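**Q** When you line the sequence shown up against the numbering used here, it's residues 642 to 1416, in that order. Glycine included, each C-beta is placed from N, C-alpha and C at the ideal position. No experiment lies behind these values; they were computed from the predicted model shown. Here's a structure for you.
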Amino acid sequence: MASGRNSGIPADVYVQFVRSLFDKHHMLLIGTACHVIAALLVYARGGDAIYFGHAAVLLVVGAWRYAGMLRFHRSGGIPDAESARRWENEYIFKGSIQGLALGAFCFTTIYLRPDGFGEVAAISVTLGSIVTVVGRNYGSPRMVLIFAVTFVGPIALGLMLRMDVTHFVLGLLIVPFMLIIRASADNVRNVLFSAVIGHRQARHLAQRFDRALNTMSHGLVMLSPEGRVIVANSEAARALKISDPNRLLGRSLHAMLMRGVAGGLLSSKDCRYVEAQLTRALGEGRDRKLQIRAADGRHFEMSTRSGNDELGVITFEEITARVEAEERIRHMARYDTLTNLPNRAWFHELVGELLAAGDPGRQCAIVVFDLDDFKSVNDTLGHPIGDGLLCAVADKLAHFASDNVKISRFGGDEFMLFFNQVLGEEELTDWVGRIFNQVQGTVDVAGHSLRLQVSAGAVISGVAGTDVDGMIVKADLALYKAKEQGKNRWRLFESTMDAEFRSRLMLKADLRSAVEARALRVVYQPIVSMETMRIESCEALCRWDHPELGPISPAVFIPLAEEIGVIADISSFVLEQACTECSKWPEHISVSVNLSAKDFHSRDVVGKVGSALEAAGLASHRLEVEVTETALLDDKSSTRVFLEELKSMGVRIALDDFGTGYSSLSYLHTLPLDKVKIDRSFLMDVAQNARSLELLKGVVNLSRGLGLQVTMEGVETFEQLKILSQTVKPDLVQGFLFGAALTASGIETISVHAWPFVAELHDANAASKPTAVKN
């Protein structure tokens, strides 16, 4: 708050200015003594009593002012601006009296009782006093003005009253010095004011910086050009197990990391590695991120950032929760949730890595096992018993796992083993015989004694020139042959089975012809609102009816289409058909179209989507593009650019089959997604496995927390739907529970109806609260 006398000056600064008036009050005695002695000297030389009177007045006034200053210092200072105003007024009043007394002395020596020595003496002490006006009284502009007038004014007036030209002009020349004195004091005051305000701002800025620094969730250390710590916050000290961040100041990077070793954060080996990496990054002036695992199990990410003036910045972020979450999702993506064996995708990657390593001249083998009559177990005893049987098989097969043998649950009741090196058919026969002996027999599952019987197909191939998919196909052909021959046996792939490959080649040619003739068709699987049980969207699915073989599964012809390079043509066909049909449906229903990874190899995908929307006259927000993690892995940067362009058009973006591939949390917050579609594998055993249910809830809550809509795929039973409604609560659901995929006209017909499950779900939710399932 500014004082009334010093407009624009904060109250605390005004108080400081007034206090400065009373500083070094003993100097007033020296000035008074000089005034009195000068007057007495004039009196002594001339004997004029008036100068004795001036000496007495100057002495009394000086003593009076000094007594007032002593009273100020005994009062304890100035508590507030109002008190400062009173003290300033008292100072100005007494100073004015002293100024008038000194001015009168000068006026007497120049005009009333002219005295040559007196003029010199009076003007000398007055000039000396004028010097102190600026340095002592800058805090009070009024006091400066009064002193300037009372000191200089009488001298100028006395000279001009002599009424001769030279003295008159000399008097006029002295007058501007009053303005000079005032301007000089104003300048001093402004400079000091600016310094005080600058200091205050710097202090406030430092306080804010310190508060911001020490409330960061990340640890931060700043290094000088010499490599010494000059800034450290509390989080950095906590990470290094130091109580006070100031104890880090002045340490070198090596000393700081060694303190982490002493605190149990790092091992000596990790310390050397971290120091080398950080030193290199700082020396090269580039940003670098480094993840470390602390000795206590925590995970940290250390980042270096190049700063200005060759300052280096290191940040510490504890990422334990993120690492553990990513590890859980990575495990979900790589391992089968029921058997905990590697799933198809992870097995494929493991085998690919093994094939690329080692002796290319060796032989390897793949054996695929399939449970005989497994469907009857599910149909008669239920899926929980079937799941238990699968787990029993997995446990038996796990005994054979080693660096040379990789095992996977490939899907359903199919298990696959890869042998990284076999000497020949005889060794493989021995392996398969031992596995059959281990697996087959009677097992007890939840009190049911079940006879376990399997069939298998195998293939041996040289590593050079082979590929995983080709070996799997051959092993499957051998398995089918074993099944044809009566089950409970195994067959090794033979060259006579190549007819199957020729048939596959014919199928590829027929597919190409069907695509060119636009002989494919599109059906639509309803996507239902969890809340209303009404169709909110539909997923467009491609179907192929072969003129001789009948309906061909998408699981068969889609991979074929990717192999022969017509998948982009199929995507365009489905996109055009879906947009055209959706434009005929009610406004609240949208359509979702899957685009393959190869569609995102070129920016043409953006033009393709725009053209389809324009041709159908469909609003862009009614189209949703589904992208798989495979597309992201191929070229994440370009795919993201294309997705952002589609997003800017108004098209919605969904991440399809989340959790089945190389799922990473980074996709969820770095890509312009609107929706996450959670794969059916998350839902398979939620009714029997509490961990699976908690895992599913965690993924849903994580996605929703990022502002993403959630669709749950693969809903096949009412029990699953009830669990989703009561505990998981996704936004949308889809699956065979709501029927098979329909034609476009079928969707239009049922679009106004809700599934009867809404009433059943309401009754179930009202009857009881959800209860935790048991392992």
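Taking only the alpha-carbon atoms, compute the straight-line gap between T961 and G868 and give it to the nearest angstrom.
**A** Their Cα atoms are separated by approximately 29 Å.
**Q** If I follow the unbroken alpha helix (DSSP H) through Y1165, where does it start and stop?
**A** Premise fails: Y1165 lies in the beta strand (DSSP E), R1162 to S1170, not in any alpha helix (DSSP H).
**Q** Could you pull out every unbroken alpha helix (DSSP H) segment of at least 4 residues lying fully inside the stretch 1207-1286, listed in chain order?
**A** Whole alpha helix (DSSP H) segments, 4+ residues: 1208-1223, 1245-1257 and 1270-1275.
**Q** Compare the Cα-Cα distances from S1289 to each of D1297, D1315, T1269 and H1310 and report the closest residue.
**A** Ranking D1297, D1315, T1269 and H1310 by Cα distance to S1289 puts D1315 first.
**Q** Within 10 Å of its beta-carbon, does E965 have 16 or more other beta-carbons around it, so buried, or fewer, so exposed?
**A** By the neighbour-count rule (16 or more Cβ atoms within 10 Å), E965 is not buried but exposed.
**Q** Could you tell me whether the Cβ atoms of A1181 and S1233 are closer together than 8 Å?
**A** Contact flag set, yes.
**Q** Name the two residues that bound the continuous alpha helix (DSSP H) containing A1328.
**A** Premise fails: A1328 is in no alpha helix (DSSP H) and is neither H nor E.
**Q** Pick helix, strand or coil for R1130, following the three-state DSSP scheme.
**A** Looking at R1130 - three-state DSSP - the assignment turns out to be coil, as it is neither helix nor strand.
**Q** Measuring only the C-alpha atoms, how far is S1154 from W1185?
**A** Roughly 11 Å between the two C-alpha positions.
**Q** Determine the closest residue to I787 out of S716, G688 and M819, with distance taken between C-alpha atoms.
**A** Ranking the options by Cα distance to I787, first place goes to M819.
**Q** Name the two residues that bound the continuous alpha helix (DSSP H) containing N1061.
**A** From DSSP, N1061 is part of no alpha helix (DSSP H) but of the beta strand (DSSP E) over E1055 to V1063.
**Q** Look at the Cβ atom of L907, then the Cβ atom of A936, and state whether they are nearer than 8 Å.
**A** Yes, Cβ-Cβ distance for L907 and A936 is below 8 Å.
**Q** Relative to the alpha-carbon of G1376, which residue among G1355, H1040 and Q1367 has its alpha-carbon at the smallest distance?
**A** Looking at the Cα atoms, G1355 is the closest of the given residues.
**Q** Roughly how many angstroms lie between the CA atoms of A643 and P651, to the nearest whole one?
**A** Confidence at A643 is low in this model, with a pLDDT of 43, below 50, so its placement is unreliable and no value can be given for it.
**Q** Of the choices E1055, C912, D885 and S1144, whose alpha-carbon is the least far from that of T980?
**A** Here the closest residue by C-alpha is E1055.
**Q** Could you give the distance in angstroms between the alpha-carbon of T767 and the alpha-carbon of V793?
**A** Going from the Cα of T767 to the Cα of V793 covers about 8 Å.
**Q** Just the Cα atoms here: how many angstroms apart are P755 and A674?
**A** Roughly 23 Å between the two C-alpha positions.
**Q** Excluding the 5 residues preceding and the 5 following G744 in the sequence, name in chain order all residues of the same chain whose CB lies nearer than 7 Å to its CB.
**A** For G744, where only same-chain residues beyond five positions count, the Cβ hits under 7 Å are T791, F792, G794 and P795.
**Q** Only counting the same chain, and skipping five residues up and downstream in sequence, which positions put a Cβ closer than 7 Å to that of A1413?
**A** Residue placement at A1413 cannot be trusted, given a pLDDT of 38 that sits under 50; what the coordinates show is reported in the next sentence. Excluding sequence neighbours, A1413 sits near A1331.
**Q** Return the chain-ordered list of same chain residues with a C-beta closer than 7 Å to the C-beta of N1045, the five sequence neighbours on each side being excluded.
**A** For N1045, where only same-chain residues beyond five positions count, the Cβ hits under 7 Å are F1060, N1061 and Q1062.
**Q** If you draw a straight line from the C-alpha of Q1004 to the C-alpha of T1173, how long is it?
**A** Their backbone Cα atoms lie some 58 Å apart in a straight line.
**Q** Taking buried to mean at least 16 other C-beta atoms within 10 Å of its own C-beta, is V1215 buried or exposed?
**A** So V1215 ends up on the buried side.
**Q** Would you report the Cα separation of S1136 and I1101, rounded to the nearest angstrom?
**A** In a straight line, the C-alpha of S1136 is about 12 Å away from that of I1101.
**Q** Look at T750 and V698 and say whether their C-beta atoms are less than 8 Å apart.
**A** In this structure, V698 does not lie closer than 8 Å to T750 by Cβ.
**Q** Taking 6 Å as the limit between beta carbons, can you name the residues of its chain near L931, skipping five residues before and five after?
**A** These residues qualify, in order along the chain: Q918 and M943.
**Q** Please list the terminal residues of the continuous beta strand (DSSP E) segment that includes T956.
**A** G953 to E959 is the span of the beta strand (DSSP E), which, as asked, contains T956.
**Q** Would you check if the stretch 1204-1215 and the stretch 1153-1170 touch, i.e. whether three or more CB-CB distances between them fall below 8 Å?
**A** Contact between the stretch 1153-1170 and the stretch 1204-1215 is present, because at least three Cβ pairs lie under 8 Å.
**Q** For F658, name the three-state secondary structure that DSSP assigns.
**A** Three-state result, F658: helix.
**Q** Mark E1067 as exposed unless 16 or more other C-beta atoms lie within 10 angstroms of its C-beta, in which case mark it buried.
**A** So E1067 counts as exposed.
**Q** Please state if the CB of L864 and the CB of G953 are separated by a distance shorter than 8 Å.
**A** Yes, the Cβ-Cβ distance between G953 and L864 is below 8 Å.
**Q** With a CB to CB cut of under 6 Å and the five nearest residues on each side skipped, what residues in its chain are close to F658?
**A** Excluding positions up to five away in sequence, the list reads G780.
**Q** In the DSSP assignment, the beta strand (DSSP E) including E723 goes from what residue to what residue?
**A** Element bounds for E723: not the beta strand (DSSP E) but the alpha helix (DSSP H), A722 to F748.
**Q** The beta strand (DSSP E) with K1318 in it runs from where to where?
**A** From DSSP, the beta strand (DSSP E) with K1318 extends over K1316 to I1319.
**Q** Where does A1225 land, buried or exposed, given buried means 16+ other C-beta within 10 angstroms?
**A** Sequence check: residue 1225 is Lys here, not Ala. Under this definition K1225 is an exposed residue.
**Q** Taking all protein chains shown into account, decide if W705 is buried (16 or more other Cβ within 10 angstroms of its Cβ) or exposed.
**A** Answer is exposed; the Cβ neighbour count stays below 16.
**Q** Going along the chain, which residues of its own chain have a beta-carbon closer than 7 Å to the beta-carbon of S1170, five neighbours each way excluded?
**A** Cβ within range, chain order: E1177 and L1373.
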